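Numbering (the working numbering), first residue to last: -5 to 192.
Below is one structure, written out as structure tokens; comments come after it.
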Amino acid sequence: MPEITAAIVKELRERTGSGMMDCKKALAETGGDMEKAIDYLREKGLAKAAKKAERNAKDGRIFHYVHNNFKVGALLELDTETDFVARTDEFNELGHEIAMQIAAAAPLYVKPEDVPQEVLDREREIYKQQLLDEGKPADRLDKIIEGKLRKYYETNCLLEQEYIRDDKKKIKDLITEMIAKLGENIVVKRFARFVIGE
């Protein structure tokens, strides 16, 4: 097994923001392989983040973004557990990125659970009629409709949207990664989007 030097531990710490002891353990567990150690830390961090997501986020900040044409903008309330975390550069950068996402991608809801039942019922009826008109077999309709509803969520729910800077991540992934990094729950409370003329 390669020697785990202070320099490699420092590099891993800089790349992940994890604690020194966590970095040492990750390198020991992965035989000194930097990329595997990063994956190891991410997996452990995401597991911790899932537990933190149940905690109460009662502090936070209001963020705004106005596009450079001054015709579209967004306001966002992003909450966390303490004012200490709310003042960090990482939290503020996340808030700015999410506000920009709202302005660019025009979500209607924060998460799928926020979509009113009557909207879902209407969408289901529209999809069903489209599929029948296309001659799809009746016994496959429910499965196809569920797939279309997932696509609806990905388009209209902020947390399910692809991040505009990296389509391999969803907004909920950005938040989970930041929870793992900062050690506190982070919640999108609400947002508003403004467009001139609408």
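Idealized CB from N, CA, C, for every residue including glycine.
Being a predicted model, the structure only gives us computed values, none of them experimental.
To the nearest angstrom, how far is the alpha carbon of residue i from that of residue j?
{"i": "A98", "j": "R184", "result": "16 Å"}
{"i": "G13", "j": "K122", "result": "52 Å"}
{"i": "K162", "j": "D77", "result": "31 Å"}
{"i": "N150", "j": "M28", "result": "38 Å"}
{"i": "D136", "j": "E112", "result": "18 Å"}
{"i": "R9", "j": "G89", "result": "21 Å"}
{"i": "G0", "j": "R116", "result": "Checking the sequence, you will find Ala at residue 0 rather than Gly. Whole-angstrom Cα-Cα distance: 60 Å."}
Considering only C-alpha positions, which residue in the set the options is nearest to residue i?
{"i": "K175", "options": "D16, V182, A100", "result": "D16"}
{"i": "I138", "options": "N150, T149, I120, C151", "result": "I120"}
{"i": "Y103", "options": "K145, L152, R7", "result": "L152"}
{"i": "E107", "options": "L72, N63, L143", "result": "L143"}
{"i": "D53", "options": "E37, K30, T82, H61", "result": "T82"}
What residues in its chain sit with their C-beta under 7 Å from that of residue i, if we drop five residues either side in the sequence?
{"i": "Q155", "result": "Q95, A99, P101, E148, K164, I165"}
{"i": "A93", "result": "F57, H58, Y59, A68, L70"}
Tell me whether the beta-carbon of residue i lies closer than 8 Å to the beta-carbon of residue j.
{"i": "A68", "j": "T74", "result": "no"}
{"i": "K18", "j": "V3", "result": "yes"}
{"i": "A22", "j": "N179", "result": "no"}
{"i": "V182", "j": "L72", "result": "yes"}
{"i": "M172", "j": "E84", "result": "yes"}
List the endpoints of the continuous beta strand (DSSP E) containing residue i.
{"i": "T74", "result": "66 to 74"}
Kindly list the residues whose CB is nearer than 6 Å to the CB of residue i, restricted to its own chain and excluding five residues on each side of it in sequence; keep chain order.
{"i": "A186", "result": "L69"}
Starting from residue i and walking both ways along the alpha helix (DSSP H), at which residues does that stretch end?
{"i": "H90", "result": "83 to 99"}
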